[in-house]
Ligand code: GRF
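Numbering (the working numbering), first residue to last: 494 to 689.
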């Protein structure tokens with residue numbers, strides 16, 4: 494059980510899978526004077542994120558997609574006094590009411606240079622395969638606010654990576670993961686400092 498210090502913002506992470514970004518964020522915010530990760534929510538029963546949270550001593554709650562759509566998750570987050578929601582590999586569209594309630598306080602990371610290679614169905618290796626197939630010479634990450642459409646909210650930050658001849662989707666994914674680990678926590682912290 495985490496102890497929350499006065500004035501610290503409470504972060505909720507939403508994840509659907511492996512959870513490497515979630516783990517990186519949780520570790521980063523253990524040493525932050527601005528915010529702490531309060532809990533994680535996952536919408537898949539089998540996901541790597543549960544073990545990671547157990548090891549990091551952070552609660553990880555399972556909620557169905559339907560409970561997002563009915564507003565149950567939003568109620569839970571309000572009860573928990575959640576200040577900031579961080580999506581880290583979360584694959585369900587956030588309902589409009591939740592977007593409106595947490596306007597400017599919900600952030601996502603996407604493993605391409607949006608608006609390219611984003612939108613419904615573009616996640617994980619599918620993104621990197623499409624980038625390689627397009628012959629692009631660079632890709633990157635985009636950190637953006639969440640709105641009611643997949644990958645379309647206001648862009649807060651992008652970082653680029655070159656694609657060298659012979660790079661495949663696996664290599665690109667690994668290069669992109671390095672950028673994600675480097676930048677996502679610090680951009681989230683910056684957003685956190687801007688919250689009133
Ligand atoms: C990351 O590439 C992230 O950019 C995207 O989904 C992936 C999640 O990976 N939104 P992980 O679950 O954090 O390992």
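Just so you know, even glycine gets a beta-carbon here, dropped at the ideal spot from N, CA and C.
Legend entry - CB of residue 577 within 7 Å of CB of residue 504, strictly: yes
Inset, instruction - Give a yes or no on whether the C-beta atoms belonging to residue 512 and residue 541 are separated by under 7 Å. - result: yes
Legend entry - Alpha-carbon to alpha-carbon, residue 617 and residue 584: 10 Å
Inset, instruction - Tell me, please, whether the segment 582 to 602 touches the segment 629 to 649 by the rule of three or more beta-carbon pairs shorter than 8 Å. - result: yes
Inset, instruction - Starting from the N-terminal side, write out each stretch of the alpha helix (DSSP H) that is 4 residues or longer and does not extend beyond the segment 556 to 598. - result: 558 to 562, 565 to 572 and 589 to 594
Legend entry - Exposed unless 16 or more other CB atoms sit within 10 angstroms - verdict on residue 605: buried
Legend entry - Unbroken stretches of the alpha helix (DSSP H), 4 residues or longer, contained in the segment 594 to 651: 618 to 627
Inset, instruction - Go ahead and label residue 565 buried or exposed: buried means 16 or more other beta carbons lie within 10 angstroms of its beta carbon, across all protein chains shown. - result: exposed
Inset, instruction - Given a cut-off of 7 Å, decide if residue 674 and residue 548 are closer than it, judged by their beta-carbon atoms. - result: no
Legend entry - Integer-rounded CB distance, given that residue 537 should sit under 8 Å from residue 509: 5 Å
Inset, instruction - Assuming residue 688 and residue 648 form a contact by the criterion Cβ under 8 Å, report the distance between their Cβ atoms to the nearest whole angstrom. - result: Contact doesn't hold; Cβ gap of about 18 Å is too wide.
Inset, instruction - Specify, as a first and last residue, the run of the alpha helix (DSSP H) that residue 664 falls within. - result: 662 to 687
Inset, instruction - Take residue 662 as the anchor and find which of 681, 652, 630 and 637 has the nearest alpha-carbon. - result: 630
Inset, instruction - Using only the heavy atoms of the ligand GRF, determine whether one of them is closer than 6 Å to the beta carbon of residue 581. - result: yes
Inset, instruction - Kindly examine the ligand GRF and report whether one of its heavy atoms sits closer than 6 Å to the Cβ of residue 604. - result: yes
Legend entry - Start-to-end residues for the alpha helix (DSSP H) that takes in residue 520: 513 to 522
Inset, instruction - Would you kindly work out how many angstroms separate the C-alpha atoms of residue 494 and residue 658, rounded to a whole number? - result: Because residue 494 sits at a pLDDT of 49, beneath the cut-off of 50, its placement in the model cannot be relied upon, and the following sentence gives the value as read from the coordinates. Looking at the two C-alpha atoms, the distance is approximately 48 Å.
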